[in-house]
Amino acid sequence: MSTNNMRNKNGEIIDIGVLVMGFFAGFIIALVMSSFLFSSNEPTLIKLIQLDLEVTEISDKAIEAEFYYTEAGYDYENRNYNSLQTNCRLSRERSSTYVQGLRDIKATITEEEPIFLTYKDILSEGVIIYNNLFEACEYFESAARYYKTYYQPGTPYDDMSYDMGTGEIEMMNEKIKKHDDAVNRYNDLLAEYKVELEGMVE
749 MSTNNMRNKN GEIIDIGVLV MGFFAGFIIA LVMSSFLFSS NEPTLIKLIQ
799 LDLEVTEISD KAIEAEFYYT EAGYDYENRN YNSLQTNCRL SRERSSTYVQ
849 GLRDIKATIT EEEPIFLTYK DILSEGVIIY NNLFEACEYF ESAARYYKTY
899 YQPGTPYDDM SYDMGTGEIE MMNEKIKKHD DAVNRYNDLL AEYKVELEGM
949 VE
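Position one of the sequence shown corresponds to residue 749 (the working numbering), numbered consecutively onward.
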């Protein structure tokens, strides 16, 4: 996970944590190649490989969502509010596509074995992570519009745009907190998933 630290015009830090989601496709494939056939476990492992490959096929959307979100942070530092709004919109588009992809993949899992239930939980946390990224960008965009208005020449001294922008940043930070909480749960589930996989070939 990478973190982009920004400050608003009051000097308050905005922390944006972004996770590159990764599963254990390579890990599973290595297990299959090293152990050849797994009798009763082989169908389960093959199914997990298929699921991981499906996630990999859409992972570029997650990476792009994070990239544009980070770029929006740089735009904020440089007061480039037009570019910030563009990058947030692009991040939201990618997040939305990725979330739908995760939901579609989850819907194909009908198995009831514990490892598949863990996998579904991982996908669910991925949805939460990128939904919060999506919503954080919405607030970020709104803040940018307010700040752009405030810094335009001729804006009255008592204009409330700056305060409105700060309010949007506060809402954004709430979404980032939920995002980060989901990242922690996601990482815990990945650790659990790895243990379950290793237990299948012991």
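Glycine residues also receive a C-beta, built at the ideal position from the N, C-alpha and C atoms.
- Taking every protein chain shown into account, the CB of L801 has fewer than 16 other CB atoms within 10 angstroms, so this residue is exposed.
- If you look at R893, you'll find it in the alpha helix (DSSP H) that goes P862 to Y898.
- Boundaries of the alpha helix (DSSP H) harbouring T818: E790 to E825, taken from the DSSP string.
- Secondary structure note for G849: its alpha helix (DSSP H) is the uninterrupted segment Y829 to A855.
- Boundaries of the alpha helix (DSSP H) around E918: S909 to M948.
- Contact between the region 884-901 and the region 848-858 is absent: fewer than three C-beta pairs spanning the two stretches fall below 8 angstroms.
- Counting of Cβ neighbours within 10 angstroms places I794 among the exposed residues, the total staying below 16.
- Per the C-alpha coordinates, the member of K925, M912, Q798 and Y941 positioned closest to A884 is K925.
- Around the beta carbon of L937, a 10 Å sphere encloses 16 or more other beta carbons of the protein chains shown; the residue is thus reported as buried.
- Exclusion of the five residues before and after I863 leaves T792, L796, Y941, E944, L945 and M948 as the residues of its chain whose Cβ lies within less than 8 angstroms of its Cβ.
- Taking all protein chains shown into account, G902 has fewer than 16 neighbouring C-beta atoms within 10 Å of its C-beta and is therefore exposed.
- Note that the region 838-845 touches the region 809-829; at least 3 beta-carbon pairs, one per stretch, sit closer than 8 angstroms.
- CA-CA distance, M920 to D928, rounds to 12 angstroms.
- Scanning A939, Y899 and E790 for the CA closest to the CA of Y867 turns up A939.
- Within the model, the alpha-carbon separation for E790 versus D808 is close to 29 angstroms.
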